[in-house]
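Right, one structure below, let's go through it.
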Amino acid sequence: STKAPESGGGGGGGGGGGEAADVQTDIGVEGETIRLGVLTDLTGVFAALGKDITNANTLFWEENKVCDTYTVELDVQDTGYVPQTGVQLYSGMKDNVLAMQQTIGSPINTALAPEYEADQIVNFPSAWSKTLTEIPGTGVVGATYDVEIANGYSYLFEEGLLAEGDTVGHIYFEGEYGANGLAGTQAVAEEMGLEVIEAQIKSTDQDMSAQVTQFAAAGVDLIALTVAPGQLASVATVAEAQGLDVPILGSNPVFAPGLLQGPAAGWLKSHLYVASPVSAFDANPETLEAYEAAYPDATPSLGVVVGFGMSEIMKQVLDAACENGDLTRAGVLTAFSELEEVDTGGLVVPIRGYETGKSPSLENFVLQPADVPGGAKVLAEAFQGEFAEKIAG
Amino acid sequence: MSEATATKARRSSAGGARPLPGTARGRSLLKPVLLVLALVVMLALPLYVEEFWLRTGFAVFGAVVGAIGLNLLVGTTGQLSLAHAFFLAVGAVTYVFVSGESGGIGLADLSGLGLPPLLGLIAGVLLSGLAGLLFSPIAARLRGIYLGVASLGLVFIGQHVLNSWTSVTGGFNGRSAPEFSLFGFTFGNTDPDLFVLGVPFREAERLWYLGLVLALAAYLFARNLLRSRAGRALQTLRDSEVAASVMGVNVQRYKARVFLVSSMYAGLSGVMFALSIGSIAPESFGLEVSILYLAMIVLGGLGSVGGAALGAMFVSALPLIFQRYADTVPFVGGPGEGGLAAGEAARYLFGLAIILVVLFEPAGLAGLAGRFRRKARDPGGGRTTSRSSAATSSSTTSVPSDPPAQGSTT
Amino acid sequence: MLSIDSLHVTYGGAVQAVRGVSMEVPDGKVVAVLGSNGAGKTTLLRTISGTLRLHRGRVESGSVRFGETDLASRDPAQTVRMGLVQVPEGRRIFGRLTVEENLRAGGMGTRDKQAKARALDRVHEMFPLLKERGSQRGALLSGGEQQMLAIGRALMASPKLLLLDEPSLGLAPRIIGQIGEVIAEINRQGTSVLLVEQNATMALGVADLAYVLDVGEVSLSGDARALAQTDEVQRLYLGHESGTDPGAAAHVPVTSGKKLSRWSA
Amino acid sequence: MSTASTAGADVRRDIPPVEIENVSVRFGAIKALSEVSFRVEPGTIHAIIGPNGAGKSTMFNVLSGVYRAAEGQVRFGDDRLDQMRPYQIAGIGVARAFQNIALSGGQSVAENLMLGRHHLTKAGFIAAGLRLPKATREGKVHGTRVAEIAEFLELGDKLHTPVGVLSYGDQKRVEVARALCTEPRLLLLDEPVAGMNAEETARMAEAIREIRSALGISVVLVEHDMGMVMSLADQVTVLDFGRRIADGTPAEVQRDPEVIRAYLGSGDEIDPAEAADAAATGHHTGHHTTETPGTPS
Amino acid sequence: MTQFLSLLLNGVSLGAIYALIALGFVIIFKASEVVSFTHGSLLLLGAYSIARLSEPIGFFPAVLVGVAITALAAFLVERLIINRLRGAPVISLAIVTIGVDIILLTELIRRIGSDILNVPHPWGGGSFRIGDVGISENRLIATIVAAFLIGLFFLAFKYSSWGVSMRASAEDGETAALMGIKQGRVSALAWVVAGVLAGVAALFLVGSPTPGVSPSAYTVALRAFPAAILGGLDSTGGALVGGLLIGLAESFAAGYQDQLLFLGRGFGDVVPYIVMIGVLLFRPSGLFGTRELTRV
Ligand SMILES: Nc1ncnc2c1ncn2[C@@H]1O[C@H](COP(=O)(O)OP(=O)(O)OP(=O)(O)O)[C@@H](O)[C@H]1O
Ligand SMILES: Nc1ncnc2c1ncn2[C@@H]1O[C@H](COP(=O)(O)OP(=O)(O)OP(=O)(O)O)[C@@H](O)[C@H]1O
Ligand SMILES: [Mg+2]
Ligand SMILES: [Mg+2]
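Set out below in structure tokens:
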């Protein structure tokens, strides 16, 4: 049989070849090349985000090496945001990759969690839900959604845009992302005696008239959102039309630069506050330049910053493993768990380390839409809000 | 047939009564030999083929089971159903709930019964069947596209339940599915470690055999069913309910039964789906899934069991394979390079394939396969003979051009 | 007017339904076609009206011409516009349309509003029932009523050549008589008729010429009256052994004398 | 009724009479049947005739449970047909051939006929799916009988042809054969010879006669071919506008002026041209004045 | 009360858009007995074309061209595919439209990408207010246009031969052809009209209060489905009533979410289907659909 000898060897394939002979390797390292997997979405609902992050990943690894020795190759596969496809594609790539640079989508991350665990895979999801922190080896790139939104509230309270005992309307997607954000709102509400009106929607709902009407009727003082840009735009137009002149607080996936071309632009620039784990382009002009040089046709979103950030963290993990002389999967996983105080040069909020079940960071930026490249300016640099500690566990 | 026209024979009484063979088509030795060969290949495959293919294979087996079930309902009985995804979900969720453990990751506080997976599988099949049975009185009132869209409602209701009933379904993120095991033998990577001819038999290899057995059983059961008394009753139901009832068929009961059987198939398919992915999530049971299953049976050839299997293979494997070997396909660029993404190319190809098959081979893949088979049987045979055989046997699969039982027209 | 020349038609490339049939429908005449079940009568009409393709049938050789035009490549709608209208076998009325709408559908081939109004009057006069039941759904008519509707519908197009496939099917004797009259009447007004019939009495009564089809071939043809006297037609189509007492027809064992046993499981 | 005796001693014991009493059926304003009563004696061939739309097929629909009668009763022995569902009626041995062909066009003649065996066989989903021996055996036994019946109705060589491609006349034969395949005690035939020529009609008539005498069952026949009806029927009921206007032996009915007016018409009205042999008219107008109904051979 | 009225108006105006799309379904179904799954992507195509063309050629020309493009696409689908499949089973026809849909949708999503394309409606995002109750101007115009178009088609079906031809050829193509009905033309025209309707619906759909053209505009067609069915697939008036019912049900279910909590959050999305199933149970062919008739 053809299969017997190949995998019967049990991963001696790399055998620690190449010059760095003192570094131990097993799967996904060949000579001076490391292969990392990417399960992204290039054709599904999150295609736009997926492209930006993946491009940034690619660009990053074109310019960086692990331990100054190993070049990194990405095995990019497109799941179309379908778990079944993700699982299949992972089974196809898992014998060739050392770790996962990127996996898009909570459902796919959840579906693959047991596999990742069994295969000792270090993985960076491009989602910030709390569940992901429960998967060993999976590194959320910043604070989880609940912490994030709570930090947003802190900012609003500080700026006097919201007061104790106010009423808040929260529109959220069904599922992890939305629920996680809502949990943040609820936690804050409990502390500050806010009254919360909840409205759950599906990602395909585009028309927020009914929800905003309901909020207006209840006289809310703030609209909180854990939804997508489309819904944000609708909320803004309807709020404007109904004269519901209150701030809008969103977590990072809520905003896309494209919104500034739409009719809601004016309202958004004056009313929207985005709590985000990554900084805006105006703080990182060189990132944007590099990206635009490489992909002249693209209109970059903040996904680019996320992509660079997660690659930077991956680099730090791999560097550490390499220094430990152990670029095996187990070695990488160890390096990942031992990580402390990751600084990505201001791209991503500081990471305090990865511990199962805990938000990897307590900090957030606050951004606001503006006519700058990337569409947003930084209102507040990374900071830790008053509620973060408690929620992050 | 052509003889009847060639000789000027009046209806002759010669020959007397002949017993009626189940299928009186000339059967050559070729067929059983090919079948055995195919089986041997299928059995030996895990020794040679890498995990990606085996996993794809298992996914295909699961789809085959589901497609055969849907075909019984839609192709054979003419009950258009878009609810298949719902019944798949019932099977999958039941399995995961019955055999899964309480607890789990994330916010979700999952509950599970922790019973043996075999029980989970059986419960999944039964409960799914029950769901079908419960829906059948509604279905009995509706016809054609009305039934189709009403059944679509089930999918959306199902999605809602899947998303809301977190403790059982795991909610939006879903929950992971327990490994299958049979009397202590697990279908996982270890426990026991297994080597056959030096090849490690891990989860993918083990599941392949499980899938093979289940799909084969599902296939044989459906094929036998169609050639039987019950199968005929179902087919008549499709053509004319009144005629069927006047001929003694209890229409309501048969409709209920076919819903039962079809959704039991779906339930089994759902369990296999859960095993194949290792987890379940609402996304996996959306409208697209129902539509894909319909595509399977239409592409395969409505009403043909083998066709359903072929269609399932085509629809479920094609995108995966294409995705995997995207780099070797022309015009397809990497991300950000401006070209087509592989996934997009796969979707184009898939859409195109659907259109072409329906346009040029109305009897579906089954019809296509039939044509090849006939070619193989009389290679290079005279034009007339091959054409004549085409005419006689294609009629068993194709839809007649003038259905005689449409009430108003005859 | 219509001429068919050594026509061969097959279904699915295998079933030879029509084999070398030649036939003429002269201007202004009524031509009857007789033949047993499966002789190819319907197939012949399908070939003329261009619906053969819809049944996976094909003209292998031979020609069908209507005046100067070859009908081979025409589609049915074109054929209708040329003035050929067919009443299909087995009624095929539009069950979901009302009687009135069925008649309207029949007139779709012509633009001439006046002609349509006249045709409608004539149809209503011929089958008063169709007027009474104008708003009833076609599917709910009785078999014979449907047949009347099918004939009426075809008349709405005021055709030059009317092709009728068993118009007497399922009609009461009195109505069959009327149908005969109607055909004669239509013919008098200048429409040629090709009439496929099992009711040979009626058919031969109104026809000028007749053909007998036997398993796809013309076995007899000629003047309708003359044909009615031949032995074969007398025996097979008019239902009596020539020369014997007509009443005895029913007793002559024309069957193969098949026996049926009782069933015991 | 003297006609009952014509069936001779061959009448099966278990064939009760059909008693139709005051049956009415309405569709909105249309009275398809109003207070129709008649009785079908065991073992007879009973014809129902009448103009188009008189309610003949509606009567069949009532007898086979497809329509519910608004009023009245239909008894078949101890069974109340007006209260039973179609499949139950089939179960007690009432079979029907449809006027408007209702066969499964895509299936072969054999399969269509096997449907007729439905209520005689038992194999359920499980037995069939698993191919239990008892299901296979059952299929074989009944297959033989189906082939026999097909042969009897001259369909032997078409057993494996899809019904959809048969000519109209052959499809009608399949209709009759399928009804026969249910081994009925009461056989309802709705225009069985529509679309058949004289010779074919005579053969079908012969077959019906044989069915009645060989099986000893009752046959109710709706037909517009008067020659056939008059030579075949023991008893004739005439409907017009949903009402029964006559009932009696063929000879009686034919003379009934009401029947002549409503249905038969006078001879010259029917035969528009004198082209054909004048005797031919007899075939379609029922001038069998001297003829008594045929005794089964 | 204000909330109720707002939701009512909102539901009606949303329903008008559904009705436009549903009418497209109905027309296609009437003419060719095809249940068109292509409608979602046609809708998106219309929206995309209008959005992309607005800048270079101006809004109103863009609307004209965009609607024309949608109609052309529908026409091509009919000519190249549906026309060749006369007499195929309903399910096969539905599946083939799914094939088209997959291709078209993939291309459009690829083109739209991450952007939310803005359509610069001259009537902007303003709202029309009566007292406390407001409705977006865009929706108001949509409602008027929808009412006008639906009325127009209602009359066309009733008084022209087109309706009869359509239904005849849908029911029995062969016989219709024997009556001289040019089936191809009837069906092509129906598709073109449905395309136009989809284009018009798209124009309003992507205006305020929805954010602009994003791939999920596609899913709106899935809600017009129950609308068409609920009204009766072969009924023009049914499309209107069905559209309004679904629009209202959705609006109220979302607006009164808190009162419906016992059914689970996000129940609003299921409501159209529940309403539909409920109606079908009592009227199996929809509110105004012709009942299936079988006689033997
Ligand atoms: N669609 C078809 N495919 C294959 N064979 C066909 C098809 N239609 C008819 N035939 C065959 O062609 C032959 C002639 O059929 P046709 O319908 O023309 O007969 P007919 O003379 O009209 O008979 P009838 O009097 O019973 O209507 C028959 O053997 C029939 O089985
Ligand atoms: N379901 C129904 N709805 C409305 N009217 C009906 C229905 N069924 C039958 N009818 C009407 O009832 C009357 C009797 O119909 P029926 O079919 O019984 O006539 P018939 O005697 O069989 O005629 P034929 O000899 O023409 O077949 C007809 O006028 C018919 O239109
Ligand atoms: Mg014929
Ligand atoms: Mg009748």
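Chains as they are written, first to last, in this note's numbering: chain A, 1 to 393; chain B, 1001 to 1410; chain C, 2001 to 2265; chain D, 3001 to 3297; chain E, 4001 to 4296. Think of the CB as a built atom: it goes at the ideal place given N, C-alpha and C, for glycine as much as any other residue. Note that the coordinates shown come from a computational prediction; the quantities given were computed from them, not determined experimentally.
- For His1084 of chain B, there is no enclosing beta strand (DSSP E); the enclosing alpha helix (DSSP H) has its first and last residue at His1084 to Ser1099.
- Annotated as distal: Met2082 of chain C and Phe2094 of chain C, with beta-carbon spacing of 8 Å or more.
- Excluding sequence positions up to five before and after Asn55 of chain A, its CB lies within less than 8 Å of the CB of Tyr291, Ala294, Tyr295, Ala298, Val304 and Gly307, all in the same chain and listed in chain order.
- Contiguous beta strand (DSSP E) elements confined to the stretch 62 to 88 of chain A occur at 71 to 78, taking only those with 3 or more residues.
- For Leu1182 of chain B, the CB contacts under 7 Å within the same chain, skipping 5 residues up- and downstream, are Leu1118 in chain order.
- Gly3091 of chain D: not part of any beta strand (DSSP E); member of the alpha helix (DSSP H) spanning Pro3086 to Gly3091, first to last residue.
- Boundaries cannot be given for Tyr4218 of chain E, as no alpha helix (DSSP H) includes it and DSSP labels it neither H nor E.
- Excluding sequence positions up to five before and after Ala143 of chain A, its CB lies within less than 8 Å of the CB of Trp128, Asn151, Pro277, Val349, Ser359, Pro360, Ser361, Leu362, Glu363, Asn364, Ala388 and Ala392, all in the same chain and listed in chain order.
- Under the 8 Å criterion on CB atoms, Thr4038 of chain E is classed as non-interfacial with respect to chain B.
- For Val1298 of chain B, the chain E residues whose C-beta falls within less than 7 Å of its own C-beta are Ile4091, Ser4092 and Ile4095, listed in chain order.
- Of the heavy atoms belonging to ligand 1, at least one sits nearer than 7 Å to the Cβ of Val3165 of chain D.
- Under a 10 Å Cβ-count criterion, Gly3106 of chain D is classified as buried, with 16 or more other Cβ atoms of the shown protein chains found around its own Cβ.
- Here DSSP, grouped into helix, strand and coil, assigns Asn123 of chain A to strand.
- Residues of chain C whose Cβ lies closer than 8 Å to the Cβ of Ile4181 of chain E are, in chain order, Ala2077, Ala2105, Met2108 and Gly2109.
- Taking 8 Å as the CB threshold, Gly4242 of chain E stays off the interface with chain A.
- Between Val87 of chain A and Leu1320 of chain B, the alpha-carbon positions lie close to 10 Å from each other.
- Under DSSP, Gly37 of chain A shares a beta bridge with A:Asp75 and A:Met100.
- Around the beta-carbon of Tyr2211 of chain C, 16 or more other beta-carbon atoms lie within 10 Å, marking it buried.
- In the three-state DSSP reduction, Thr356 of chain A falls in the coil class, being neither helix nor strand.
- In this structure Pro4226 of chain E is buried. Its beta-carbon is surrounded by 16 or more other beta-carbon atoms within 10 angstroms.
- By the criterion of a C-beta distance shorter than 6 Å, Ala1215 of chain B is surrounded in its chain by Phe1061, Val1064 and Val1065, once the five residues flanking it on both sides are discounted.
- Applying a distance threshold of 6 Å between residue Cβ atoms and the heavy atoms of ligand 2 selects C:Leu2140, C:Leu2141, C:Ser2142, C:Gly2143, C:Gly2144, C:Glu2145, C:Gly2170, D:Phe3027, D:Ile3030, D:Ala3032, D:Gly3050, D:Asn3052, D:Gly3053, D:Ala3054, D:Gly3055, D:Lys3056, D:Ser3057, D:Thr3058, D:Gln3099 and E:Arg4295, given in chain order.
- Rounded to the nearest whole angstrom, the C-alpha separation of Asp3079 of chain D and Val3146 of chain D is 28 Å.
- Asp3247 of chain D carries a strand assignment under DSSP once its states are collapsed to helix, strand and coil.
- With the rule of 3 Cβ pairs closer than 8 Å, the stretch 228 to 243 of chain A counts as touching the stretch 264 to 273 of chain A.
- Below 8 Å, enough C-beta pairs join the stretch 2051 to 2069 of chain C and the stretch 2009 to 2021 of chain C to call them touching: three or more.
- Judged by DSSP in its simplified three-state form, Ile135 of chain A adopts coil rather than helix or strand.
- For the set C:Glu2132, C:Ile2186 and C:Tyr2237, the Cα lying nearest the Cα of Ser2158 of chain C is the one of C:Ile2186.
- Secondary structure within the stretch 4207 to 4251 of chain E: the alpha helix (DSSP H) runs of 4 or more consecutive residues, fully enclosed, are 4220 to 4231 (chain order).
- For Asp4101 of chain E, the CB stays at least 7 Å from every heavy atom of ligand 3.
- Glu3019 of chain D sits in a strand when the DSSP states are folded into three classes.
- Interface criterion not met: the Cβ of Thr1186 of chain B is under 8 Å from no Cβ in chain A.
- For Met4166 of chain E, no Cβ of chain B is located within less than 8 Å of the residue's own Cβ.
- From the beta-carbon of Leu1070 of chain B, no residue of chain D is found nearer than 8 Å; the closest lies around 16 Å away.
- If you draw a straight line from the Cα of Thr3237 of chain D to the Cα of Gly3065 of chain D, it comes to about 20 Å.
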